[in-house]
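The listed protein sequences derive, respectively, from chains A and B. Residues in the first sequence are numbered from 184 upward in steps of one, following the numbering used here. Residues in the second sequence are numbered from 228 upward in steps of one, following the numbering used here. In this text, a Cβ means the ideal position worked out from N, Cα and C, and glycines have one as well. From a predicted model like this one, the values you see are computed outputs, not experimental measurements.
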Amino acid sequence: MLAVTIAGISMKTPVMTASGTFGFGPEYSDFVDLNTIGAIVVKGTTLAPRAGNSGCRIAETPAGMLNSIGLENPGSDEFLKATLPKLKKYDVPIIVNISGNTVEEYGKLAAKLSVNGVAGFELNISCPNVKEGGIAFGTVPQSAAAVVREVKKNTHLPVIAKLSPNVTDIVAMARAVEEAGADAISLINTLLGMAIDTKSWRPVLGNVVGGLSGPAVKPVALRMVWQVANAVNVPVIGMGGIMTALDAVEFLLAGASAVAVGTANFVNPYAAAEVAEGLCEYLKERGLSHVQKLVGQVNHNIG
Amino acid sequence: MPKTVVKASVLEHTLIGPQVRRLTFAAPILAQQALPGQFVHVKVTESIVPLLRRPISIADVNPDNGTLTLIYRIVGQGTSLLAEVKPGGQLDIMGPLGNGFSLETERPLLVGGGIGLAPMVYLAKSLCPRPITIIMGGRNKEEMYWQEIFQSLCRSIHITTDDGSLGRQGFTVDALSDMLSADTFDIVYACGPQPMLEGVARLATAKNIRCQVSLEDHMACGVGACLSCTCAATDGKRRKVCADGPVFWAEEVFS
């Protein structure tokens with residue numbers, strides 16, 4: 184009822200966990216049977232270890248949060264040596280979110296991490312919190328396409344391009360990465376935001392600006408998923424503020440073939456599992472045989 | 228021990244000091260497992276505003292009647308909402324999280340500043356009947372409601388206040404310096420503001436006494452996933468305050 188195949192990756196459910204919100208997976212194994220998750224998109228990984236940004240990295244906002252972690256991660260060597268072996272004992276597709284400072288680095292990372300146990304890559308061309316790379320590749324269609332082409336040259340595994348919402352034309356970005364060979368598109372990454380402490384008059388975040396996530400961004404995410412799904416032929420993975428199964432239903436109706444739960448994991452560590460269970464119930468109540476029956480079915484007949 | 232989320236009934240919720248409340252709730256599963264120094268992650272509302280949980284250290288545990296007690300200061304939107312929860316009400320509590328204090332000691336010295344004294348209550352209880360010495364610091368006399376709490380748990384209590392209205396005027400670190408010269412301890416436990424922790428660690432290290440510090444930071448997930456709360460460790464790597472801590476050996480995080 185819930186099984187889907189996205190970009191050649193078979194998943195038991197269309198509910199994935201969004202990069203940066205579920206660690207590498209085992210952090211949540213006390214709460215969720217990792218074997219039941221659609222796919223785990225692990226924390227953004229770079230060639231060398233990164234310490235991330237200094238100062239305060241998180242600020243709560245109405246129905247959301249800003250983060251400016253800055254891609255702290257143990258690096259690709261540590262991922263292969265320590266993390267991946269632990270993940271292999273679970274029967275769940277592992278998608279590695281990769282981020283490079285240059286186009287070539289994305290290619291190197293993809294080649295290096297195209298190993299047994301990795302199901303595919305999500306290209307982080309949309310991180311708002313790093314000075315080089317990240318969002319720089321995600322706001323210019325030609326740059327995003329160049330990253331996708333380079334990664335495709337360096338791996339046989341499926342490639343998902345993760346788009347930034349911080350652009351004027353999301354459809355142009357989606358078309359560019361599709362044309363460059365992306366096997367799927369995920370969106371949205373966080374919306375660039377800011378918070379200021381009214382006592383000190385200083386920015387709350389050490390990095391001054393950060394990425395907004397959580398329920399606050401859901402309407403924006405949903406609109407963009409709908410726009411992109413109507414413009415491309417590759418599958419779309421929808422994310423942005425999904426807290427409940429009904430939120431996921433909205434994204435599916437908008438045209439997403441799968442969804443990812445992100446910030447909700449922080450609030451409710453069972454969220455990924457509960458969204459999948461809730462989807463199942465929703466389908467049963469509606470007498471629908473498969474989740475596919477929802478995809479892109481938003482009814483435009485307003486009258 | 229597995230971490231979990233429980234719906235806990237609030238049993239007692241009282242103001243014990245200026246803007247400070249003591250909250251006791253029934254959570255038998257957590258009470259069986261919680262170690263001194265660990266924390267719980269509290270959802271203060273069913274609404275999505277505020278969205279995130281609030282990490283609060285465990286101040287006391289009663290495994291026999293299955294209760295946990297938190298002592299927290301009302302500082303913002305989250306704790307203000309929490310303060311409104313009445314006995315009989317329900318709270319969504321995730322825990323127990325993080326790593327606790329080492330209990331390998333014969334002669335412990337506890338140092339707590341302000342609300343940092345909260346985890347020291349359960350620590351002191353867990354260290355009984357060993358002879359416990361505690362240095363407690365606060366802004367003024369009104370903040371020293373802790374004295375009553377620690378009276379029955381500690382053999383020796385030393386107080387410092389910023390304004391000198393009770394005990395010695397100054398900071399806990401000033402008192403610590405004298406204490407370490409006058410008496411013998413095999414471990415120093417500290418929880419409080421960062422400058423205090425650094426000062427305590429420096430003094431303990433200079434005297435070659437083992438020292439554990441409990442850090443705090445803003446955090447979202449509480450389980451090591453979001454990396455909001457990481458800090459630089461002395462080995463050049465990063466540590467997650469939530470999952471690798473909040474209790475660290477001083478030399479691990481302070482150089």
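Worksheet entry | Under 8 Å between C-beta atoms of residue 488 of chain A and residue 342 of chain A | With chain A running from 184 to 486 in the structure shown, residue 488 of chain A is simply not present.
- Which residues, in order along the region 441-455 of chain B, keep a beta-carbon less than 7 Å from a beta-carbon of chain A? 445, 447, 448, 450, 451, 452, 453, 454 and 455
Q | Span separating the alpha-carbon of residue 302 of chain A from that of residue 274 of chain A | A | Sequence index remark: in the first sequence, residue 302 of chain A carries index 119 (1-based). Sequence index remark: in the first sequence, residue 274 of chain A carries index 91 (1-based). C-alpha separation (whole angstroms): 11 Å.
**Asked** Are residue 230 of chain A and residue 258 of chain A close, meaning C-beta to C-beta below 8 Å?
**Response** In the first sequence, counting from the first residue as 1, residue 230 of chain A sits at position 47. In the first sequence, counting from the first residue as 1, residue 258 of chain A sits at position 75. Yes; because the gap between Cβ atoms is below 8 Å, this pair is in contact.
Starting from the beta carbon of residue 231 of chain B, find every residue of chain A whose beta carbon is closer than 8 Å, and list them in chain order. Here residue 231 of chain B corresponds to residue number 4 of the second sequence, with the count starting at 1. Within chain A, the residues near residue 231 of chain B are 213 and 214.
Tell me the residue span of the beta strand (DSSP E) that contains residue 418 of chain B. Locating residue 418 of chain B in the second sequence gives position 191, where the first residue counts as 1. Residue 418 of chain B -> beta strand (DSSP E) spans 414-418.
Which chain B residues are close to residue 240 of chain A, counting only those with a beta carbon under 7 Å from its beta carbon?
Against the first sequence, residue 240 of chain A aligns to sequence position 57. Here the neighbours are 455.
| Distance between residue 405 of chain A and residue 353 of chain A (C-alpha atoms, nearest Å) | Along the first sequence, read from residue 1 onward, the residue named residue 353 of chain A stands at position 170. Along the first sequence, read from residue 1 onward, the residue named residue 405 of chain A stands at position 222. Those two C-alpha atoms are separated by around 12 Å.
**Whether residue 219 of chain A touches residue 454 of chain A by CB criterion (8 Å)** = As a first step, residue 219 of chain A is located in the first sequence; it is residue number 36 there, counting from the start. As a first step, residue 454 of chain A is located in the first sequence; it is residue number 271 there, counting from the start. The answer is no: Cβ separation not under 8 Å.
- Query: How many whole angstroms separate the CB atoms of residue 428 of chain A and residue 461 of chain A, which I take to be in contact at a CB cut-off of 8 Å?
  - Reply: Here the question's residue 428 of chain A lines up with position 245 in the first sequence. Here the question's residue 461 of chain A lines up with position 278 in the first sequence. Their Cβ separation, rounded to whole angstroms, is 2 Å, which keeps residue 428 of chain A and residue 461 of chain A in contact under 8 Å.
Original post:
Does the pairing of the region 383-395 of chain A with the region 417-434 of chain A give three or more beta-carbon distances under 8 Å?
Top reply: no
task = Check the C-beta distance from residue 201 of chain A over to residue 224 of chain A and give it rounded, since I have them as a contact under 8 Å.
result = Within the first sequence, residue 201 of chain A is the residue found at index 18, counting from 1. Within the first sequence, residue 224 of chain A is the residue found at index 41, counting from 1. About 6 Å separates the two Cβ atoms, so the contact holds.
- prompt: If you scan the region 378-429 of chain A from start to end, which runs of the beta strand (DSSP E) of 3 or more residues do you find wholly inside it?
  reply: Positions of the beta strand (DSSP E) runs, each at least 3 residues long and wholly inside the region 378-429 of chain A, are given as 392-396 and 419-422 in order along the chain.
Problem set entry | Residues, ordered as in the chain, of the region 243-276 of chain B that lie near chain A by beta-carbon distance below 8 Å | 270, 275 and 276
Candidates B:416, B:394 and B:428: closest to residue 367 of chain B by CA position: Working through the second sequence from its first residue, we reach residue 367 of chain B at position 140. Comparing Cα positions, the closest option is B:394.
I need the straight-line Cα distance from residue 456 of chain B to residue 405 of chain B, nearest angstrom please. Against the second sequence, residue 456 of chain B aligns to sequence position 229. Against the second sequence, residue 405 of chain B aligns to sequence position 178. About 33 Å.
Is it buried or exposed for residue 316 of chain B, if we count other Cβ within 10 angstroms and need 16 for buried?
The sequence position of residue 316 of chain B within the second sequence is 89, counting from 1. Label assigned to residue 316 of chain B: exposed.
Under 8 Å, do residue 275 of chain B and residue 426 of chain A count as touching if we go by C-beta distance?
Translated into the one-based positions of the second sequence, residue 275 of chain B becomes position 48. Translated into the one-based positions of the first sequence, residue 426 of chain A becomes position 243. For the pair residue 275 of chain B and residue 426 of chain A, the CB atoms are nearer than the 8 Å cut-off.
- Task: Name the two residues that bound the continuous beta strand (DSSP E) containing residue 273 of chain A.
- Result: Taking the first sequence and counting its residues from 1, the one referred to as residue 273 of chain A is at position 90. No beta strand (DSSP E) contains residue 273 of chain A, which DSSP labels as neither H nor E.
Q. Does the beta-carbon of residue 466 of chain B have 16 or more other beta-carbons within 10 angstroms, so that it is buried, or is it exposed?
A. On the second sequence, residue 466 of chain B is found 239 positions in, with the first residue counted as 1. Answer is buried; the Cβ neighbour count reaches 16.
Take the Cβ of residue 409 of chain A as the centre, count every other Cβ of all protein chains shown within 10 Å, and call the residue buried at 16 or more, exposed below. Residue mapping note: residue 409 of chain A aligns to position 226 of the first sequence, counting from 1. So residue 409 of chain A counts as buried.
Let's see if you can read the secondary structure: which residues bound the alpha helix (DSSP H) around residue 448 of chain A? In the first sequence, residue 448 of chain A corresponds to position 265, counting from 1. Going by DSSP, residue 448 of chain A is part of the alpha helix (DSSP H) stretching over 447-450.
Over what stretch of residues does the alpha helix (DSSP H) that includes residue 376 of chain B continue unbroken?
As a first step, residue 376 of chain B is located in the second sequence; it is residue number 149 there, counting from the start. 373-378 is the span of the alpha helix (DSSP H), which, as asked, contains residue 376 of chain B.
* To do: Using a threshold of 8 Å, state whether the C-beta atoms of residue 374 of chain A and residue 411 of chain A are closer than that.
  => Position 191 of the first sequence, counted from the first residue, corresponds to residue 374 of chain A. Position 228 of the first sequence, counted from the first residue, corresponds to residue 411 of chain A. In this structure, residue 411 of chain A does not lie closer than 8 Å to residue 374 of chain A by Cβ.
Check: Assuming residue 301 of chain B and residue 246 of chain B make a contact with CB atoms under 8 Å, what is their CB distance in whole Å?
Finding: If you number the second sequence from 1, residue 301 of chain B lands on position 74. If you number the second sequence from 1, residue 246 of chain B lands on position 19. Their Cβ separation, rounded to whole angstroms, is 5 Å, which keeps residue 301 of chain B and residue 246 of chain B in contact under 8 Å.
Which one or two residues does DSSP pair with residue 370 of chain A in a beta bridge?
Position 187 of the first sequence, counted from the first residue, corresponds to residue 370 of chain A. According to DSSP, which records beta bridges pairwise, residue 370 of chain A is partnered with A:421.
Give me, in chain order, the residues of the same chain whose beta-carbon lies closer than 7 Å to that of residue 277 of chain A; leave out the 5 immediate sequence neighbours on both sides. Stepping through the first sequence from its first residue, residue 277 of chain A is reached at position 94. Within the same chain, and ignoring the five residues on either side of residue 277 of chain A in sequence, the residues whose Cβ sits closer than 7 Å to its Cβ are 223, 225, 270, 300, 301 and 302.
According to DSSP, what are the bridge partners of residue 459 of chain B?
Along the second sequence, one-based indexing puts residue 459 of chain B at 232. DSSP, once it has assigned bridges, lists B:465 as partnering residue 459 of chain B.
Discussion item. So, does the region 309-327 of chain B touch the region 231-251 of chain B, judging by three or more C-beta pairs under 8 Å?
Written reply: yes
Rounded separation between residue 336 of chain B and residue 413 of chain B - CA only: Here residue 336 of chain B corresponds to residue number 109 of the second sequence, with the count starting at 1. Here residue 413 of chain B corresponds to residue number 186 of the second sequence, with the count starting at 1. Using only the alpha carbons, I get a separation of about 8 Å.
Exercise. Is the shortest distance between the beta-carbon of residue 395 of chain B and the beta-carbons of chain A less than 8 Å?
Worked result: The sequence position of residue 395 of chain B within the second sequence is 168, counting from 1. Not an interface residue.
- Item | Residue-level contact to chain A via CB, residue 279 of chain B, 8 Å cutoff | Numbered from its first residue, the second sequence carries residue 279 of chain B at position 52. Cβ-Cβ to chain A under 8 Å: yes for residue 279 of chain B.
Q.
Since residue 452 of chain B and residue 204 of chain A should fall inside the 8 Å C-beta cutoff, what is the C-beta to C-beta distance between them, to a whole number of angstroms?
A. By one-based count along the second sequence, residue 452 of chain B stands at place 225. By one-based count along the first sequence, residue 204 of chain A stands at place 21. The Cβ separation is near 7 Å, so the contact holds.
So for residue 332 of chain B, helix, strand or coil by DSSP? On the second sequence, position 105 is the one that residue 332 of chain B refers to. Of the three classes helix, strand and coil, the one that applies to residue 332 of chain B here is coil, per DSSP.
Check whether chain A comes within 8 Å of residue 465 of chain B, counting only Cβ atoms and requiring the distance to be less than that. As a working note, residue 465 of chain B is residue 238 in the second sequence. Output row for residue 465 of chain B: interface = yes.
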